[in-house]
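One structure below.
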Amino acid sequence: MSEVERITVVIPTLEEAGRLGRMLDALRMQRGVALEVVVADGGSEDGTVEVARRAGVRVVEVGRAGRGVQMNAGAKESEGEWLLFLHADSVPADGDLLRDALERMRREEGRGVSERVVGHFSLRFEGEGRRARRRFYRGLERKSALNRALTTNGDQGMLMRRATFETVGGFEEGLGYLEDQRFVAALERMGGRRVTLGGYVRTSTRRFEVEGVGARYATMTLIMMAEAVGLEAFLSEEEQVYAPQHRAGRLRFLQQAKAFGSALLAGDCDEVRGRIAALVALGWRNLWQIPFGIDVWLWPTPHGPTPLTDAWDRAVGAGERVCGEGGPGVECASR
1 MSEVERITVV IPTLEEAGRL GRMLDALRMQ RGVALEVVVA DGGSEDGTVE VARRAGVRVV
61 EVGRAGRGVQ MNAGAKESEG EWLLFLHADS VPADGDLLRD ALERMRREEG RGVSERVVGH
121 FSLRFEGEGR RARRRFYRGL ERKSALNRAL TTNGDQGMLM RRATFETVGG FEEGLGYLED
181 QRFVAALERM GGRRVTLGGY VRTSTRRFEV EGVGARYATM TLIMMAEAVG LEAFLSEEEQ
241 VYAPQHRAGR LRFLQQAKAF GSALLAGDCD EVRGRIAALV ALGWRNLWQI PFGIDVWLWP
301 TPHGPTPLTD AWDRAVGAGE RVCGEGGPGV ECASR
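Here you go:
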């Protein structure tokens, strides 16, 4: 690039004094970009704000915790044309990551498909349990690079032009989580799209290890299902399904499953049937994860082959073409 790019990095924090310093050090190592770093704090009492101020970055003290409200506040107080929303435990893995990311974003804009583009990085997990559960975390890492529906989240960072952020309307602030999924959904309704950027960020295994790997992954599945069918009563129980990291503890999945079932079956028969139909459709769209999981188990390398997933995609594609052509005797579940 002929001139140094300017990018604002917005970091939402809540009790992150032990991790924020490493993130800020990694940002100082970035080459080929001019950075404005904004720490949007949700009321930390562990010295997070002091860590940020000693590092010389801008601090926005937000009136209440919640990633959506914090990131909106940080963006409002910033100046960069480009915005990167990055969690405090998602650390850039190399010094050229942001420069290369901006180059990729410009190329994507130049394709003319849509000016509204949000970029995200792949993940590499580190921390307690990584080695013992190598295939599990490898599966999450490889899935983070696929750019498929429901495989993108805020841990991967979200890079976009300020104009895109403002057009979408910023992040939702009603919940303390899911702001990333809802932002992407709103973007895609407007004709925008996601793109996987080169490189990766290192993120922590801490939530999985504190809450229990199986229970956290299963609860994440319930959250995605609840979001798909609009079960706000379930999603609003934040302390049970997605507590702030510093208050996280072992999850009681059976309790969460019971709460999900109660919310799913609430209302009249038509409402319940509609929700169940939506869940069946969601399950069908995500059946690819079964062959993908087998691929990862058989080839647990960072860039291993995915022959079973590819075969599934070809079969689904062929079915969709037949469905699209229609004709006598052809019925499609999506119709």
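Residue numbers (full-length UniProt numbering): 1 to 335.
Cβ coordinates follow ideal geometry from the N, Cα and C atoms, glycine included.
As the structure is a computational prediction, the values presented were derived from the model and not from experiment.
Rank G21, V168 and Q255 by C-alpha distance to the C-alpha of P92 and give the top, closest one.
G21
Within the continuous alpha helix (DSSP H) that includes L200, where are the two ends?
Before going on, a small fix: residue 200 reads as Tyr here, not Leu. Premise fails: Y200 lies in the beta strand (DSSP E), R193 to S204, not in any alpha helix (DSSP H).
Measuring CB to CB, does E77 end up less than 9 Å from R58?
yes
In this structure, how does DSSP classify E61 when only helix, strand and coil are distinguished?
strand
Can you find the residues in the same chain that come closer than 7 Å, C-beta to C-beta, to F165, ignoring five residues on each side of it along the sequence?
A75 and L83
Option in R133, L159 and L187 with minimal Cα separation from A149:
L187
Alpha-carbon to alpha-carbon, L24 and R194
26 Å
From the DSSP output, in three-state form, read off H87 for me.
coil
Just to confirm before moving on: does the CB-CB distance between M105 and L146 stay below 9 Å?
no
Among A315, E211 and V39, which residue has its Cα nearest to the Cα of P244?
E211
Are the CB atoms of L251 and L175 nearer to each other than 9 Å?
no
Candidates I276, V316 and Y200: closest to E229 by CA position:
According to the sequence displayed, residue 229 carries Val and not Glu. That would be I276, whose Cα lies nearest to the Cα of V229.
Residues that DSSP places opposite F125 in a beta bridge
T203
Please state whether DSSP places L150 in a helix, a strand or coil.
coil
Could you compute how far the alpha carbon of R335 sits from the alpha carbon of A278?
The predicted position of R335 is uncertain, since its pLDDT is 36 and thus under 50; a value taken from the coordinates is nonetheless stated next. Going from the Cα of R335 to the Cα of A278 covers about 13 Å.
Beta-carbon contacts of M29 that lie in its chain and below 6 Å, excluding the five residues immediately before and after:
G95
Taking the C-alpha atoms as reference points, what is the distance between G198 and L97?
8 Å
From R130 to R124, what distance separates their C-alpha atoms?
10 Å
Can you give the beta carbon distance from L35 to V9, rounded, assuming they're within the 8 Å contact cut?
6 Å
In whole angstroms, what is the alpha-carbon distance linking D280 and A248?
Before going further, note that residue 280 is Val rather than Asp in the sequence given. Going from the Cα of V280 to the Cα of A248 covers about 31 Å.
Per DSSP, what kind of secondary structure is R31 in: helix, strand or coil?
coil
Test item: CB-CB of A17 and G47 under 9 Å:
yes
Unbroken alpha helix (DSSP H) run spanning E320, endpoints
P307 to E325
Buried or exposed: where does E128 fall if 16 or more other Cβ atoms within 10 Å of its Cβ makes it buried?
exposed
Using DSSP bridges, identify the partner residues of H120.
T196
In three-state DSSP terms, what is L254?
helix
Output the residue ranges of the beta strand (DSSP E) runs that lie fully inside the stretch 6-55 and measure 3 residues or longer, sorted by chain position.
33-41
So is E172 buried or exposed if we call it buried at 16+ other beta carbons inside 10 Å?
buried
With C-beta atoms as the reference, is L264 less than 9 Å away from L308?
no
Below 9 Å between beta carbons: does that hold for G119 and G68?
no
Quick one: give me the first and last residue of the alpha helix (DSSP H) that M220 is part of.
V213 to V229
Cβ-Cβ separation, E61 to D89 (assumed contact under 8 Å), whole Å:
About 20 Å separates the two Cβ atoms, so there is no contact after all.
According to DSSP, is M71 part of a helix, a strand, or is it coil?
helix
When the Cα atoms are used, what is the spatial distance from L298 to Q181?
30 Å
Restricting to Cα atoms, I'd like to know which of L14, A101 and E15 is closest to V201.
A101
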